[in-house]
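Participant:
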Amino acid sequence: MTEFYPFFLALFAGVFFSMLSRRTHIPWVVALIIGGIILGPNAFNLLTINPTIEFIGQIGLIFLMFMAGLETKFSNFNGFGGKLFLLAFINGAVPFVIGVGIGMALGYGLMTSLVLGVVFISSSIAVVIPSLETHKLLHTQLGQSVIMTTVIQDVASLIVLSLILQNVSPVTSLPLYLFYPLLLVALISLRFFIPKIRDFFVQIVDGRPDLFQLEFRSTFLILIGTVMVFELLGLHPIVAGFFSGLILAGSIKTPALKEKIRTISYGIFIPTFFIVMGLQTDITIFSEVSGAWMVVTFVVLGSVISKFVSGWMAGKMVGFSRDEALLFAITSIPQLSTTLATGFAAFALGLIDQVLLTSLVTLSVITVLVSPLLMNILGERISRAAGV
């Protein structure tokens, strides 16, 4: 029975700290990470990572990236022209260079510095959307520009990450000039065949009571199978999970099915991943490791300042007003899913150390707490000026 204790405690932590999040209005992810830190070996030592918890955390990581891919709609890109890619390029390339430079200046090797640059590229849609929705800006040109540039930057960061991981821990012996064309062919093929496979299972149900949840289980099966195919081709699971979501996004159209996938993802697996992130975050490094505060300060300030400045510059270059450019800059600051997923994967492969992992967790916590406050202030001003 002792094997069930860590699993029970992880589930309990997910439920308890989710409730605490609702009561205190602390962002959900932040509450779960704090919960993991409190229960973990560096605080009360009530919960440690065993093979079961680690496995569920890995599944949660895949589901986190899968949901990000599932909610990415490339059909929304029509009609925006080159401005969109200019926004994404400036707001991604400048922080990437700054991130790599900070990594090298702190004494890390090239691969670790590149991972830090990848983290600086990405932003978080999940943090941005509620504020845009609140001020009725989500469906404006500004709101859609924010959403779509974030998607482009996340996709770009994952492609660069896959290049890094392929060089550090290659799963395939194919040279890169053959690997990526083969991957593109696989993406196109799966995009064509997977809807047909899903249609086959849906036809079996054909309106009858689906007592055994065949459609949901078949979708789950296709998801894991698609991730396995991408892994066999040489992609890391977090990149594979994202691309699996992209592929299945066009074939999962039933709101009830999407809700079931969301329920199992955010109900069990994804919270466990964030709890595991908290368990792996060692806050004692600030007192035990010389220079830890400097690393955290450089990472947090480097990311926030580079994203803000590059976002503001890009916004002004495409013709946004002063307040719109400021809002665009602020919406690029929050770091969450892709940052934590990248940190988790890089730490597991030994690409980053405990100090840098803790810095990335600190970056996520600070930006997720501060950014919505600034977005609400500017969003209200822009809405009032536009008469929305």
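Per this note's numbering, the very first residue in the sequence shown carries number 11; after that it's consecutive.
Even for Gly, the Cβ is constructed at its ideal location relative to N, Cα and C.
This structure is a prediction, so every number in the text was calculated from the model and none was measured.
Please classify F338: is it buried, with 16 or more other beta-carbons within 10 angstroms of its beta-carbon, or exposed?
Facilitator: buried
Participant: When the Cβ atoms of the region 116-124 are set against those of the region 54-65, are three or more pairs found closer than 8 Å?
Facilitator: no
Participant: Among F99, F202, T34, whose alpha-carbon lies nearest the alpha-carbon of A259?
Facilitator: Of F99, F202, T34, the residue nearest in Cα terms is F202.
Participant: Mapping DSSP to helix, strand and coil, what is T352?
Facilitator: helix
Participant: Where does L221 fall in DSSP's three states?
Facilitator: Note that L221 scores 47 on pLDDT, short of 50, meaning its location in the model is unreliable; the coordinates nonetheless yield the value given after this. Reduced to three states, the DSSP call for L221 is coil.
Participant: Thinking C-beta only, is V286 closer than 8 Å to G67?
Facilitator: yes
Participant: Which residues in the same chain as L74 place their Cβ atom closer than 7 Å to its Cβ, once the five residues preceding and following it in sequence are excluded?
Facilitator: I280, F283, S347, A351
Participant: Check whether the Cβ atoms of V138 and V156 sit closer than 8 Å, and answer yes or no.
Facilitator: yes
Participant: In three-state terms, what does DSSP make of Y118?
Facilitator: In this structure, Y118 counts as coil in the three-state DSSP scheme.
Participant: Which full runs of the beta strand (DSSP E) of 3+ residues lie inside the region 290-358, going along the chain?
Facilitator: none
Participant: Whole angstroms are fine: how far does the CA of G70 sit from the CA of S275?
Facilitator: 7 Å
Participant: Tell me whether S141 sits in a helix, a strand or coil according to DSSP, three-state version.
Facilitator: helix
Participant: To which residues of the same chain is V306 closer than 6 Å at the C-beta, ignoring the five residues directly before and after it?
Facilitator: S369, T372
Participant: Taking a contact to mean a Cβ-Cβ separation below 8 Å, would you say L289 touches V40 in this structure?
Facilitator: Not a contact, by the Cβ cut-off of 8 Å.
Participant: When you compare only the Cα positions, how much space is there between G46 and V195?
Facilitator: 41 Å
Participant: Can you tell which of H149, K268, I131 has the C-alpha that lies nearest to the C-alpha of V314?
Facilitator: Closest by alpha carbon: I131.
Participant: Distance, Cα to Cα, I43 vs G360?
Facilitator: When rounded, the distance between both Cα atoms is 21 Å.
Participant: Given a cut-off of 8 Å on the beta-carbon distance, is the pair G109 and L126 in contact?
Facilitator: yes
Participant: For the candidate residues G24, V239, G113, A266, whose alpha-carbon lies nearest to that of G312?
Facilitator: G113
Participant: Please classify V25 as buried or exposed, where buried requires at least 16 neighbouring CB atoms within 10 angstroms.
Facilitator: exposed
Participant: Please say whether V128 and I174 have beta carbons closer to each other than 8 Å?
Facilitator: yes
Participant: How long is the line joining the alpha carbons of K146 and A136, rounded to whole angstroms?
Facilitator: 16 Å
Participant: Could you give the distance in angstroms between the alpha-carbon of L383 and the alpha-carbon of I340?
Facilitator: 10 Å
Participant: The alpha helix (DSSP H) that contains Y15, what's its start and end?
Facilitator: 14-34
Participant: Since S342 and G321 are thought to touch, with beta carbons under 8 Å apart, how far apart are those beta carbons, to the nearest angstrom?
Facilitator: 4 Å
Participant: With distances taken from CA atoms, which of L336, L152, K268, I387 is nearest A78?
Facilitator: K268
Participant: Beta-carbon within less than 6 Å of A6's beta-carbon, same chain only, minus the 5 sequence neighbours each way: which residues are those?
Facilitator: Residue 6 lies beyond the range of the chain shown here (11 to 398); nothing can be said about it.
Participant: What did DSSP end up calling I262 once you bin it into helix, strand or coil?
Facilitator: coil
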